[in-house]
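When we follow the working numbering, the leftmost residue of the sequence shown carries the number 680, and every step to the right adds one. Backbone N, C-alpha and C define an ideal beta-carbon position, used for all residues, glycine too.
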Amino acid sequence: MTAARPWWSVLGPALAAALLAAGTVVVAVSGALHFDGWQWAALAAAGLVSLVIAAPAHLTAARAWRRPASPTVLASAAALAAFAWAAVSVLDGLERTSLAAAAVPGALLTISETARRQARLSPAESESRPFSVLVAVAVVTSAVWVVLRGIDDGVVVAVAAAVGLAGAGHVVAPGAALLAGRRRAAPLGVRLESLRAAQRAALIDTVVLDQDGTVTTGRLRVTSVKPLEPDHERNLRWFAGALSHAGDHPISQAIAQLSARGHVAEVQHVDGRGVLGSVDRHPVRVGSPAWLGAPAEESLWRTVAVEVDSRVLGTLEVADDIREKAPESVRRLRDLGLDVHLVSASRPDRAEHVALTVGLTEAHHGSAADLVQQLAAEGRSVAVASSTSVDGALPLSTTAGHDGIVLDDLDVRRVGQALETARTVTAGVARGRTVATIGTVVGVAVAAAGLAGPDLTAGVAALSTAAAAFAATR
């Protein structure tokens, strides 16, 4: 297992970029802080942010060159354009305000790349729809300014529009939403491995539960103790439980819960019948009533007889251990608008009993794969909570991996919590990107109208990025 990286190696580049960018802005806009050669110092800081610290993000953008209007590519281009314009400003002695925007796009680009890597998102997962229309508006408007007002004003508008497009909210929002979702899900025993799985889970309308482990614990428990004589109950529990500690069959494990361990010897397992041995020097047999010659009432569940000193003391009833909160959890799934199906390999009458107990009308006795295939043919989007994966369905299991949602166990309560968390994450991504889009439109609009230069649009981009991250985590 790979050791966790120290926080400073993960967040260090983003923090350094943010601090350098903030320092550059403060020095550029505050005349009181100007010193001899401050422009060169500010330009050097901007270059460190935009070219050096942001280099990994530029590489990511370069790999996405096939989508030139994507947010990552635009942010990379804006960072380079802002720095180039700042360099021109220093060399030609232009207005100082252009230096205020020099490092901001590079810092936003670095922050977005850090958020993406921290959330373990692929570049494709962190992208949104390209801003083709906004890019076209920026290009056309810049050209109009060049024609009407000259190349200097046209270039200023072009740089301002590019900086307006540099808001990192569209890339930050998915990472912020996923990280917030992981923090909420971890105490619930739910692990979101990928944004893709969360987004797929948010579209689920049908859940298939494998009975063992979801609505039941996957174990058996003793539901009834029936001594032939009332004063035999204590001995019935003691001897049956003590001998069963020596067995590994699920029925033995259930009966073993009735008592502590005793002095057990000469244990023998008789296939298809039960177990015999000596408990505190008393011969004991625990097994089928027919083997012990004991009377047995007809029962839905498994009946086990107990014999001590060649005398039948009574019977035990062993049934599936239904989770205490299973009915409430199934009801919660339905409240989420989900259609819930139960699949069981148990005897049909037992499976139906479990289904009715947890609030379902029926249980399916085929395989989960057959049921998923049938539901998929009806146009359903299906998730399966099971220890085995099923093709065509979103896996909810302890080993789901990157393509599903990982649960600490298959408890149906966790199934509902996992799907709720996935919906919250997906909604957060949508909110964050909506806020980011608004900020981008505002930035491009004020730049295109000539109402703001690169410095002000850089401020809009920074504010929209922060607002998008905040909205994504609510």
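Residues that residue i bridges to, as DSSP identifies them
| i | result |
| --- | --- |
| Pro968 | For Pro968, which the question treats as bridged, DSSP gives no partner whatsoever. |
| Gln947 | Leu955 |
| Val1019 | Val886 |
| Thr1119 | DSSP lists no partner for Thr1119. |
| Ile1001 | Thr895 |
| Ala1064 | Leu888, Leu1075 |
| Gly993 | Pro906, Val985 |
| Val869 | Leu1086 |
| His1043 | Val1022 |
| Arg900 | Ala998 |
| Pro962 | Ser957 |
Spatial distance of residue i from residue j (CA atoms)
| i | j | result |
| --- | --- | --- |
| Leu1086 | Arg870 | 6 angstroms |
| Trp764 | Gln718 | 13 angstroms |
| Pro750 | Leu844 | 8 angstroms |
| Thr1103 | Gly1095 | 12 angstroms |
| Thr902 | Glu977 | 15 angstroms |
| Leu995 | Asp959 | 21 angstroms |
| Val834 | Ser1065 | 60 angstroms |
| Arg863 | Pro853 | 15 angstroms |
| Leu787 | Leu1012 | 40 angstroms |
| Ala1128 | Val838 | 13 angstroms |
| Ala1140 | Ser1025 | 59 angstroms |
| Gly1107 | Arg1010 | 25 angstroms |
| Thr1116 | Ala782 | 22 angstroms |
| Leu1021 | Val814 | 51 angstroms |
| Val954 | Ser1076 | 35 angstroms |
| Leu722 | Pro784 | 14 angstroms |
| Gly1038 | Ala881 | 24 angstroms |
| Asp884 | Asp1018 | 6 angstroms |
Cβ shell of residue i (< 8 angstroms), same chain only, five flanking positions each side left out
| i | result |
| --- | --- |
| Trp744 | Val752 |
| Ala1048 | Val1069, Asp1070 |
| Val836 | Thr820, Ser821, Trp824, Ala1126, Ala1127, Gly1129 |
Expected contact under 8 angstroms - CB spacing of residue i and residue j to nearest Å
| i | j | result |
| --- | --- | --- |
| Ala1072 | Val1091 | Between Val1091 and Ala1072 the Cβ distance is about 16 angstroms, and since that is not below 8 angstroms, they are no contact. |
| Ala876 | Asp1028 | With 8 angstroms as the limit, Ala876 and Asp1028 do not qualify as a contact, their Cβ atoms being about 37 angstroms apart. |
| Thr1119 | Ser1143 | 7 angstroms |
| Pro962 | Ser989 | 7 angstroms |
| Thr1152 | Ala859 | 4 angstroms |
| Ser768 | Leu778 | 6 angstroms |
Own chain, CB closer than 6 angstroms to residue i, minus 5 neighbours either side, in chain order
| i | result |
| --- | --- |
| Thr1036 | Ile1001 |
| Ser791 | Ala847, Val850, Val851 |
| Val1125 | Ala1131 |
| Thr681 | Caution is warranted here: a pLDDT of 44 is assigned to Thr681, below 50, making its placement in the model unreliable, and no coordinate value can be reported. |
| Gln878 | Thr1105 |
| His924 | Ala935, Arg940 |
Own chain, CB closer than 7 angstroms to residue i, minus 5 neighbours either side, in chain order
| i | result |
| --- | --- |
| Asn914 | Val987, Leu992 |
| Glu945 | Gly956, Ser957 |
| His1044 | Ser1023, Pro1027, Ala1030 |
| Gly702 | Ala724 |
| Val706 | Leu712, Trp717, Ala721 |
Proximity test, residue i beta-carbon vs the ligand MG heavy atom, cut-off 6 angstroms
| i | result |
| --- | --- |
| Ala724 | In the structure on display, the ligand MG does not appear, and there are no ligands present to speak of. |
Residue-level contact to chain B via CB, residue i, 7 angstroms cutoff
| i | result |
| --- | --- |
| His1043 | Chain labels in this structure do not include chain B; a single protein chain is all it has. |
> Does the stretch 974 to 987 come close enough to the stretch 910 to 923 that 3 or more CB-CB pairs lie under 8 angstroms?
Replying inline: With three or more CB-CB distances shorter than 8 angstroms, the stretch 910 to 923 counts as touching the stretch 974 to 987.
> Does the stretch 938 to 945 touch the stretch 993 to 1006, meaning 3 or more C-beta pairs lie closer than 8 angstroms?
Replying inline: With a cut-off of 8 angstroms, the stretch 938 to 945 and the stretch 993 to 1006 do not count as touching, because too few Cβ pairs lie within range.
> Does the count of Cβ pairs from the stretch 1132 to 1146 and the stretch 887 to 904 closer than 8 angstroms reach three?
Replying inline: Because the criterion of three Cβ pairs below 8 angstroms is not met, the stretch 1132 to 1146 and the stretch 887 to 904 do not touch.
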